[in-house]
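Notes for the one structure printed next.
Numbering (mature numbering (1 follows the signal peptide of the UniProt record, and there is no 0)), first residue to last: -17 to -1, 1 to 357.
Put into C-alpha cells, the structure is as follows:
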C-alpha cells in the first residue's frame, strides 16, 4: 500500500543530497526518455549524453535495480527523505473522477532540484516498493516516459502546469499537494479558455530548453486537440502517436493555420520489434522540421478535447531523429482546408466551345491512399 508521510526532510537520495534522473549505472543525468515495447518489459533509452540515438535497456523496465527504480529510489521507503507528488488519472487505487485531466507523472523535490517524470502508464507507480512499483498490467501496451532534472527555481512553473492539466494527485507528502487541497486550485474551464499563451518555457539543470504545453477545453479540435495547439505554436507539421484504440480517434488533419498532423500507424524498432498503434498506449509527437519532440498526456480523440492535458517538449536533433526512425508509416495525407470557390463570370461567348456557355469542368482525378515513411 501507499503510505502518506506528513513529515519530510530537506534532502533526497544520493551522496550529493540531490534528487536527479538516474541512468542505468545510477549516475545523475540531466534528462532521459524511455520507450517500452508492446507485450514486453524491455525498453529503449536515450539521454543527454548520447549522440547515436536509442539503445536498448540492459534490464527490464520493472527491475528493482533498473533505471526507473534508481530514479525513484528516494521514495521507496516508509519515510521518504524528499518531498514528492504522484499523479495519475488511472491511479493504483481509488478513483480519479471525470473532472481531472488525462495526465500521469511523478515529481520529486529537494532543497536544490526537482525531478519531473511524465509518462503514459496507468497505475504507475503501483507501490513505493522497489520490487512492486511497476504494475503487471503495464506489460501489454507500449508506453513512454520522460524524466528531466530541473533547478528548484522551476517548481512554480511545474505547479502551474499541474493546475492547468488538473492533475489527480493520489499521493504526496507535501501538504498543499494533497488530493483535496490541490483540487481546490485547479484551473477552471473559463480560465483555461482565456489563456492566450498555452505553454511555459523551462530550463533543465544543465541548461537545456524545454516547453510544457497545456490546452483549452473545447469540442472543436482547433482548441481542444493538444497537438493542434503544439503544431500552431511551433509552426510546423507533426507526426503524432497516441492510443490506437481511442474511441472516435481523430484522423490526420490540418489546422486552420494549415499545419498538419499525421497519425503514426505503426512502429518499427530494430531493438524492440514491430507493433501497430492498437498496441501502443504512448503519447508523443515529433515535428516535421525544427527538431521538436514531445512526450504527452492526451490522445487524439473527440472525448479528449474537453479534458485538460499537456506535454513536455524538448528541442534536440538527436532525439527527434531517433523518434522519426521509429515511425514505420503514417495514415493517409490529410486534406488541407479548402479555399472558397469563385465562379468565372463572362458575357462573351467562348468561340473555342460554341456549344457551351462556360468552360467545361475539369475531370476529377482520384489520388487514392498514400502512406509515408519518415
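Glycine included, every Cβ here is placed at the ideal spot set by N, Cα and C.
The structure presented is a predicted model; accordingly, all values stated were derived computationally and were not measured.
Following the continuous alpha helix (DSSP H) through residue 287, name the residue where it begins and the one where it ends.
-> That run of the alpha helix (DSSP H) goes 285 to 288.
So what does residue 11 bridge to, in DSSP terms?
-> Residue 11 is bridged to 5.
Expressed to the nearest angstrom, what Euclidean distance is found between the alpha-carbon atoms of residue 120 and residue 110?
-> Straight-line Cα distance between these residues: approximately 14 Å.
For residue 374, does the count of other Cβ atoms within 10 angstroms reach 16, so buried, or fall short, so exposed?
-> The structure shown does not extend to residue 374, since the chain spans only -17 to 357, so no value can be given for it.
Contacts around residue 17, its chain only, beta-carbon distance under 6 Å, and the 5 residues preceding and following it disregarded | Result list for residue 17: 26, 28 and 128, in chain order.
How do the stretch 96 to 109 and the stretch 122 to 142 stand: do at least 3 beta-carbon pairs fall below 8 Å, yes or no?
-> Counting C-beta pairs with one atom in each stretch, the stretch 96 to 109 and the stretch 122 to 142 have three or more that are closer than 8 Å, which means they touch.
For residue 82, count neighbouring Cβ atoms within 10 angstroms of its own Cβ and tell me buried if that reaches 16, exposed if not.
-> So residue 82 ends up on the exposed side.
Taking C-alpha atoms, which residue in 122, 124 and 107 lies nearest to residue 116?
-> The option with the nearest alpha carbon to residue 116 is 107.
Roughly how many angstroms lie between the CA atoms of residue 166 and residue 146, to the nearest whole one?
-> Rounded to whole angstroms, the separation of the alpha carbons of residue 146 and residue 166 is 8 Å.
N- and C-terminal bounds of the alpha helix (DSSP H) containing residue 54 = That run of the alpha helix (DSSP H) goes 50 to 55.
Which residue from 2, 7, 247 and 13 puts its Cα closest to that of residue 191?
-> If we check each option's Cα against that of residue 191, 13 comes out closest.
Tell me whether residue 292 is buried or exposed, calling it buried when 16 or more other Cβ atoms sit within 10 Å of its Cβ.
-> Answer is buried; the Cβ neighbour count reaches 16.
Which residues bound the alpha helix (DSSP H) around residue 306?
-> Element bounds for residue 306: 300 to 307.
Where does residue 192 fall in DSSP's three states?
-> For residue 192, the three-state secondary structure derived from DSSP is strand.
Candidates 309, 234, 290 and 210, of which the one nearest residue 254 by Cα | Nearest of 309, 234, 290 and 210 to residue 254, Cα basis: 309.
Report yes if the C-beta distance between residue 222 and residue 307 is below 9 Å; otherwise report no.
-> Pairing residue 222 with residue 307 gives a Cβ-Cβ distance under 9 Å.
Kindly indicate the opening and closing residues of the alpha helix (DSSP H) around residue 204.
-> Unbroken alpha helix (DSSP H) run through residue 204: 204 to 207.
Neighbour-count burial assignment, residue 208, 16 or more Cβ in a 10 Å radius | Buried, because 16 or more other Cβ atoms sit within 10 Å of the Cβ of residue 208.
Is residue 66 helix, strand or coil when you go by DSSP?
-> Strand, per DSSP.
Helix, strand or coil: which one does DSSP assign to residue 327?
-> The pLDDT assigned to residue 327 is 48, lower than 50, so where the model puts this residue is not dependable; a value taken from the coordinates is nonetheless given after this. Residue 327: coil per DSSP, three-state reduction.
In terms of DSSP beta bridges, what is residue 87 paired with?
-> BP columns for residue 87 point to 71.
Would you list the residues sitting across from residue 293 in a DSSP beta bridge?
-> Paired residues: 197.
Take residue 95 and list the residues in its own chain whose beta-carbon comes closer than 6 Å to its own, dropping the five residues that flank it on each side.
-> Within the same chain, residue 95 has close Cβ partners 1 and 135.
Where does residue 92 land, buried or exposed, given buried means 16+ other C-beta within 10 angstroms?
-> A buried status is given to residue 92, since no fewer than 16 other beta-carbon atoms sit within 10 Å of its beta-carbon.
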